[in-house]
Amino acid sequence: MVYSKFLRDNKTGKKEQLPIILIVCEGERTEPNYFDQFEVTNITIDPRGIGDNTIRLVEYAIKESKRNDYDQVWCVVDKDSFPKDNFNSAVQLAQNNDFGIAYSNESFELWYILHFEFLNSQITRDQYIKKLNNIFKSKKDEGFPDSYKKNDPNIYRILKPYQHVALKNAKNLSKDYESELIPSSATQCPVTYVYKLVEELNKWIPSHRLD
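Here is the structure:
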């Protein structure tokens, strides 16, 4: 989806630049396809899938933030099988640059699963996909696809009616890690902080502002 970077001022006839949120994603299509479908107004969102991970992803975000005047920068990363030190360093680097960090452990698909159920047991990325396939099949009568397709450009629309469930489940899941005794981001599993970015984008959707 392409958003205009300018908003016309009806009183003066002048154009002023809209706020811009840069969202740097690890996946080239999965995450950008999701965030690209948010029906925001009075803001520009720029989701980019760079096909890179952890430290290099955050370094890319730093470079872009210096080249352009973004109002917010968010990094969307997965823990996956990357070493703990690399992952923790990436999270810390993002925080040191005042970026939002929407990380998931193990992967972004956990956010999708939480639209339908609360999951607090550690399972693999492949098991996430299997679980989503089963969920989609069970909801075929509701218009769901036969199976979960990782790069489905309509995934936001499919999941949107269940978003309130995902927000609740993700917040409840993260409560387990609010203690200062948790030594590092990489030890938090399963967890996803994608909900924080979703809540930020929802502020720019008129229907949510009326809630």
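Residue numbers (the numbering used here): 1397 to 1607.
Even glycine gets a Cβ: it sits at the ideal position worked out from N, Cα and C.
In the DSSP assignment, T1450 falls within the alpha helix (DSSP H) that extends over 1450-1463. Here the C-alpha atom of E1538 lies approximately 45 Å from the C-alpha atom of R1463. Just measuring C-alpha positions, the residue of S1570, S1603, K1411, L1555 sitting nearest A1498 is S1570. DSSP lists V1420 as the beta-bridge partner residues of R1444.
Remark: C-beta atoms of N1449 and E1424 do not approach each other more closely than 7 Å. In the displayed model, D1474 falls within a strand according to three-state DSSP.
Taking the Cα of K1411 as reference, the smallest distance to any Cα among P1557, K1536, S1485, N1438 is reached at N1438. Beyond the five residues adjoining it in sequence on each side, L1593 comes within less than 8 Å, by CB distance, of I1419, F1431, W1470, V1472, G1496, A1498 in the same chain, given in chain order. Excluding sequence positions up to five before and after V1561, its CB lies within less than 6 Å of the CB of H1511, all in the same chain and listed in chain order. Looking at the DSSP output, A1498 shares a beta bridge with V1472. The C-beta distance from Q1518 to C1585 rounds to 5 Å, short enough to fall under 8 Å. Rounded to whole angstroms, the Cβ separation of L1489 and I1446 is 15 Å, and the two are not in contact under 8 Å.
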